Amino acid sequence: MSNKNIAFNIYMEYIVKHPNYATQPHAFNKKGEITWVKASGQDRIDRALWWDKKIIELGVTNRADVARILHPKELKGRKPCSECGKVLSIFYIYPSKSFLEYINDEFNQNYVMYDKDIYSIIQDLLSLKVSEQDIINFFVYRLKIKERFPSIKLLENYLYHNHTHETQKGKMFSPGVMSNPPDRFDGFHTYNACCRKEKDTGRHDDNMKSYTRDRRAFVNWSDGNFTLANAIMGEYNKYKTLVTCPGCNTQKLMTADHIGPISLGFCHRKEFNPLCSSCNSKKNKNMSLKDVQQLINDEKKGIQVISWHSTYLWDKLKNKIKTDTDAKNASSIMRENMHYILTLFNIINKVPHGRNYLMTKLHPEFVKFKYKINNFTPLKEIDDKDIIKTISEAKTKVKSEKRYIEICFESLGDYDKKENRIYNNIIMKKYQKEIHALHLSLNQGVDFNDIENVVCLILNYIARDLDIKFNSSGTSI
């Protein structure tokens, strides 16, 4: 056994026997071996319930906070990497990539990610005869700190309470390991940030770039007034007054949270929930039960919340979602559905007349509008009378609409190019007969109504299969 594995095995044994985790279920299997990972099944559900009880007991907002609190104080946040053995901190004490670039540029250094934490870097700079005041001035400027510090010690104390160990404001710091409860016993990934790109294929540089390309496809092939939605998101970005985040109850800048994520098939609309960037990031693409209830209520008011292509699955799932667990499972199922939808669109786009059919699903009419939002505040619902709409000039309108259509099809093609997706296309292969019929209809250039009927049939079949998958997932959390 390598030294790196010895270090991690010692760590696992220490954690499993620690009183902080004494009541966590399924610590050992029938052979008496540590069961560190529980990624599925009833055991994972049991562990998830344990983590959620701890949220209530400790008075925090999420499982990640629980993981940091429970981590034994005597370890001082240190955790060895299961892959390389490097010990990193669970806390946000490492400069992010962008912040590290600022540090290197400002002080003419060559620090690398996760080599030193921010406190070690500060001490290192002092040893290089950089003045305390220059260091303080740099942090005050880059972190937009309103306070002033007569000493480095006071600056470090501020960083501790406002960035690295407690509130983690902004995007200037990173943890040495990402949280992962309830899948891992201690609530953290087995591999640390030093090996994250190698172990998490989704973090490879090419895949990180593809996230942006994927999002373009989701955005461009969703229903709704994207121009208005973008204008409102812009207002969130411009609003620089701190307000109390509804998610974590701390004073922060707000970002716009899509109540129904675009990547799950929901549409562009003017309704957003305010969340700080940290809460928004933690939420990721997942819906909560509260989100689902809000979406259903909005539908009852006559507001369109779901894009046409995802209606089939949404209508099957929405009334079955009774818990946050169900909402998270539904989120995963709906994201998978979007993959099949875009795969189907790419199949259609490669057939004669397919592009013409798909163009009927785009919304170039929204390109001509511009919006100004008056009296905007993040915590107040936007009144229709505060939305001022103007129309672009004719020449600009035609050019913009043409470019919009080009971008939509470019994003669709980019989505098709990615090879290492977590989804296979077994479901699509089940419906080769229907897809063949679709090919024939498109080749013949028949009435789009006939093509629409076949497309809707395929989407309904896919939704039926995914509905069965959701039902079989039980209450997995």
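Going by full-length UniProt numbering, the first residue of the sequence shown is number 1, and it counts up by one from there.
All residues carry an ideal CB built from backbone N, CA and C; glycine is no exception.
All values reported here derive from a predicted model rather than from experimental measurement.
- Taking 8 Å as the cut-off, the beta carbon of residue 43 is found closer than this to the beta carbon of residue 26.
- Excluding its 5 nearest sequence neighbours in each direction, residue 372 has C-beta neighbours in its own chain below 7 Å: 388, listed in chain order.
- Here residue 472 carries a helix assignment [DSSP, helix/strand/coil].
- Bounds of the beta strand (DSSP E) holding residue 89 are 87-89.
- Scanning its chain for C-beta atoms nearer than 8 Å, with the 5 sequence neighbours on each side dropped, one finds around residue 217 the residues 342, 411, 412, 414 and 415, in chain order.
- Between the alpha carbons of residue 263 and residue 338 lies a gap of roughly 7 Å.
- Judged by pairs of C-beta atoms under 8 Å, the stretch 299-313 touches the stretch 215-233, as three or more such pairs exist.
- Residue nearest to residue 194 within the set 6, 89 and 437 is 89 (criterion: CA-CA distance).
- Between the alpha carbons of residue 62 and residue 278 lies a distance of about 12 Å.
- Around the C-beta of residue 66, 16 or more other C-beta atoms lie within 10 Å, and the residue is accordingly described as buried.
- Shown here, residue 8 sits in a helix according to DSSP, grouped into three states.
- Excluding its 5 nearest sequence neighbours in each direction, residue 473 has C-beta neighbours in its own chain below 6 Å: 329, listed in chain order.
- Secondary structure of residue 185 (DSSP, three-state): coil.
- Put simply, the backbone Cα of residue 273 is about 25 Å away from that of residue 390.
- Around the C-beta of residue 214, 16 or more other C-beta atoms lie within 10 Å, and the residue is accordingly described as buried.
- Rounded to the nearest angstrom, the gap between the Cα atoms of residue 140 and residue 108 is 19 Å.
- Nearest neighbour of residue 377 by Cα position, chosen from 239, 70 and 294, turns out to be 239.
- Annotation for residue 154: no beta strand (DSSP E) segment contains it, though the alpha helix (DSSP H) segment containing it runs 152-159.
- If you ignore the 5 residues before and after residue 431, its C-beta comes within less than 8 Å of the C-beta of 458, 461 and 462, all in its own chain and listed in chain order.
- Membership of residue 430 in the alpha helix (DSSP H) is indicated by the continuous run 426-430.
- Under DSSP, residue 266 forms a beta bridge with 306.
- In this structure, residue 282 keeps its C-beta atom at 8 Å or more from the C-beta atom of residue 261.
- No residue range can be given for residue 241, since it is assigned to no alpha helix (DSSP H) and is classified by DSSP as neither H nor E.
- The three-state reading of DSSP puts residue 392 in coil, since its state is none of H, G, I, E or B.
- The alpha-carbon of residue 471 is positioned some 9 Å away from that of residue 320.
- Selection 163, 375, 196 and 228 evaluated against residue 250 yields 163 as nearest (Cα-Cα).
- A distance of 8 Å or more separates the beta carbons of residue 357 and residue 347.
- In this chain, the alpha helix (DSSP H) harbouring residue 105 covers 97-107.
- Looking from the CA of residue 369, the closest CA among 379, 392 and 363 belongs to 392.
- In the DSSP assignment, residue 79 falls within the unbroken beta strand (DSSP E) covering 78-80.
- Put simply, of 467, 465 and 436 the residue whose alpha carbon is nearest the alpha carbon of residue 454 is 436.
- Rounded to whole angstroms, residue 52 and residue 20 show a C-alpha spacing of 15 Å.
- Residue 135 and residue 243 have their alpha carbons spaced roughly 29 Å apart.
- Sequence-distant Cβ neighbours of residue 267 in its own chain, meaning closer than 7 Å and more than five residues away, are 222, 223, 224, 304, 305, 306 and 307.
- Bounds of any alpha helix (DSSP H) do not take in residue 162, whose DSSP letter is neither H nor E.
- Beyond the five residues adjoining it in sequence on each side, residue 407 comes within less than 8 Å, by CB distance, of 216 and 220 in the same chain, given in chain order.
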